[in-house]
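*Asks:*
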Amino acid sequence: MDKLIDDEMLVAQFQAGRQNAFDELMKRYKSKIFSYLLRSVRNYEDAEDITIEVFFKAYRALENWQPKAKFSTWLYKIASNLAIDYHRAKARNPVYALDDAEIPEKHLVATDMHSDPVKQLEEKERGLIIREAVDQLSPKQKAVFMLSRYEGLQLKEVAETLDMAEGTVKIHLHRAVKRLQTLLRPLWENNDI
Amino acid sequence: MPKCKKSEGQAIDYAYKLLPSAEELPFKEHLKSCKDCTEAVESYTAALELTDEAQEELVVPEHALRDIEMNVYKRLAASQEQTTWLSRLSAYFTSVGSPFGWYKTAAVSSVAIALIVAAVLISKPPQPEQTLQVTEMQSAEARIEAYREQGIQWNLEEALITHHLRNDAWETESQLNRMKEQAQGTSWTKVADKQLQNLQSGILNRTQQNRIGEN
Ligand SMILES: [Zn+2]
Chain A
1 MDKLIDDEML VAQFQAGRQN AFDELMKRYK SKIFSYLLRS VRNYEDAEDI TIEVFFKAYR
61 ALENWQPKAK FSTWLYKIAS NLAIDYHRAK ARNPVYALDD AEIPEKHLVA TDMHSDPVKQ
121 LEEKERGLII REAVDQLSPK QKAVFMLSRY EGLQLKEVAE TLDMAEGTVK IHLHRAVKRL
181 QTLLRPLWEN NDI
Chain B
1001 MPKCKKSEGQ AIDYAYKLLP SAEELPFKEH LKSCKDCTEA VESYTAALEL TDEAQEELVV
1061 PEHALRDIEM NVYKRLAASQ EQTTWLSRLS AYFTSVGSPF GWYKTAAVSS VAIALIVAAV
1121 LISKPPQPEQ TLQVTEMQSA EARIEAYREQ GIQWNLEEAL ITHHLRNDAW ETESQLNRMK
1181 EQAQGTSWTK VADKQLQNLQ SGILNRTQQN RIGEN
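Those protein sequences? They're chains A and B, same order as listed.
Residues in the first sequence are numbered from 1 upward in steps of one, following the numbering used here.
Residues in the second sequence are numbered from 1001 upward in steps of one, following the numbering used here.
1) Using a C-beta cutoff of 8 Å, does residue 56 of chain A count as contacting chain B?
2) So that I know if they touch, is there some Cβ in chain B lying closer than 8 Å to that of residue 35 of chain A?
3) Any idea if residue 190 of chain A is buried or exposed, counting beta-carbon neighbours within 10 angstroms, 16 or more meaning buried?
4) Is residue 148 of chain A near ligand 3 - that is, is its Cβ less than 7 Å away from at least one heavy atom of it?
5) What residue range is occupied by the uninterrupted alpha helix (DSSP H) comprising residue 6 of chain A?
6) Using 7 Å as the cut-off, classify the Cβ of residue 946 of chain B as near or not near the heavy atoms of ligand 1, replying yes or no.
7) Is it the case that the CB of residue 1007 of chain B approaches a heavy atom of ligand 1 more closely than 7 Å?
8) What's the call for residue 100 of chain A, buried or exposed, on a 16-neighbour Cβ count within 10 Å?
9) Where do the N-terminal and C-terminal ends of the alpha helix (DSSP H) with residue 53 of chain A fall, by residue?
10) Closest Cβ-Cβ distance between residue 1050 of chain B and chain A: below 8 Å?
11) Strictly below 7 Å CB to CB, what residues from chain A border residue 1071 of chain B?
12) At a CB-CB cut-off below 7 Å, which residues of chain B make contact with residue 23 of chain A?
13) Would you identify the three-state DSSP class for residue 1028 of chain B, choosing helix, strand or coil?
14) Check whether chain A comes within 8 Å of residue 1012 of chain B, counting only Cβ atoms and requiring the distance to be less than that.
15) Is there a C-beta anywhere in chain B that falls below 8 Å from the one on residue 180 of chain A?
16) Quick one: grab the DSSP three-state call for residue 1008 of chain B.
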């Protein structure tokens, strides 16, 4: 992968008619976008579908894209909007609710053949409880938390991605951390760690 | 007694490593004498560590990423087909505009739409302005083919790895069959057949050798 050619240059090449440039952009970002969406929607197939939708929308809009922000920020913006729509639809339609029980086990827990199966089960349950706690955040709190914590975006970039003021990002982030602390407190208070 | 004011915002920022460096040292000093903030920082840190751990378990496996590009192009081709069809329909509205002028405004009428659909399907009026879209579609299709071919090669590689490194003939066979199915209509099916043949004769040879060994 030639990282020397920056994303914005690839966009310019695509706009000039070089199709391969878009393939290169997909290659660079598909893993990041997929895992961001997997963390957000916690469902394997939905994360895949939305990833495809992100690049589909990007392809369609790229022709007129102006480099006001980084390409990656723009891509996360498309992904975040789709994830927020997804969570809203899910909230309206509880039947549609899915959890990561749908994700094949091997993707959830790093399998160590030699470790204790009881312990593995406990670990898996604990992981599930924690991910459910993250799920209880509002869609915006969740997006702010995920983008800043796991996608390595600066608060300023999160603000650009989610069309929010930086101060608002901070408020959402504080609420998210407080909520996680309240929800997860039993895990360490019962010495479950 | 009300809690220390710093035990929320500043403590969270400190645990999240967001505190500007100018505020970090004074806050560290404050922690030495403030129980509220010390407890708050500890519990925020614990919550964040737990969350990080649980998130780290969510990993996208390599094979799940393979088909993304191809599926994006499939999605593009499907939507372009749809728009081509729609623009053909709207172009037809324009081309038959004068004799059926009033129909245009009553386009919602299902009878009119059915008639037009039938007419479009039969007559296929020439649409020069669609050239660009068609080229785009062709390019999407060419890419789908290229990615399909790449997928076939990956599966073949995987089957060969299973065969040579893991020595699992049964799994190799099913991988080769899957690859052959995927390669329908291309010359790669011949490659699959050849590999399956080799595999069969390999198994046969080994069985014979075992028998000789037994005797
Ligand atoms: Zn304090």
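Glycine included, each C-beta is placed from N, C-alpha and C at the ideal position.
*Replies:* Reading it off the structure:
1) yes
2) yes
3) exposed
4) Ligands in the displayed structure: ligand 1; ligand 3 is not one of them.
5) Careful: residue 6 of chain A lies outside any alpha helix (DSSP H) and carries neither H nor E.
6) Since the first residue of chain B shown is 1001 and the last is 1215, residue 946 of chain B is not available in this structure.
7) yes
8) Confidence at residue 100 of chain A is low in this model, with a pLDDT of 48, below 50, so the placement of that residue should be treated as unreliable; the coordinate-derived value is given next. By the 10 Å Cβ count, residue 100 of chain A comes out buried.
9) 44-62
10) yes
11) 52
12) 1069
13) helix
14) yes
15) yes
16) coil
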